[in-house]
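Here is the structure we will look at, set down as structure tokens.
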Amino acid sequence: MRVSLVLQEGPGAGQAHTLDPARRPVLSVGRSSECDIVLNDHRASRHHADFRWNGGEWEIRDRGSTNGTYVNGMQVHQPYELRLGDRVTIGETTMVLREAPAQAAPAGERAAVPRQAARTAERPILVPSGQAGPGRRPYRPAVAVQSPVAGVLFWIVQVVGTLAVICLATGALLP
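For the sequence shown, the numbering used here assigns the number 3 to the initial residue and increments by one for each residue that follows.
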């Protein structure tokens, strides 16, 4: 499943990276220029964490970083399966996993996302009542998500619908 990792807060906010298992099933993240996703964040370790495709989902694995890796406010100590909308925090950088748009940049390359769109993509953080153990995921009820992708898709549906009505009224065919 191809997804976008949108940097929402911290250094580099507004950037997006595409995670594509067909191109690269493991991407490293950290301060080092050797990493696939380089963070300009003094609180991130040189080789902080890995995003890894496990055959069905993306997961994140902390590589023994100094300040830890957090998903939705919980520190992860073992590989953690990610879902769309999850917020990954490394140092002062918060990234959100989103559905990848068709025109997204290839894995490890940056694509510009307007800062305002990145800010409006936030959703409430749900704090689980218990710790996630081996083989367990904390319960997270579904919530309505406002994302830039959803906004763009809604706009496209409105435009296509309007064009369809105009074409039907005038007897013209859609291209």
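Where a beta carbon is used, it is the ideal one built from N, C-alpha and C, also for glycine. This one's a predicted model, so the numbers in the text were calculated from it and none came from an experiment.
Could you give the first and the last residue of the continuous beta strand (DSSP E) run that contains Ala18? 17-21
By the 10 Å Cβ neighbour count, where 16 or more other Cβ atoms means buried, how is Ala46 classified, buried or exposed? buried
Tell me the DSSP secondary structure of Val78 in three-state form. coil
Tell me whether Leu165 sits in a helix, a strand or coil according to DSSP, three-state version. helix
In the DSSP assignment, what are the bridge partners of Glu11? Thr96
Between the C-alpha atoms of Pro23 and Met3, what's the straight-line distance to the nearest angstrom? 7 Å
Give the range of the beta strand (DSSP E) segment to which Gly32 is assigned. 28-32
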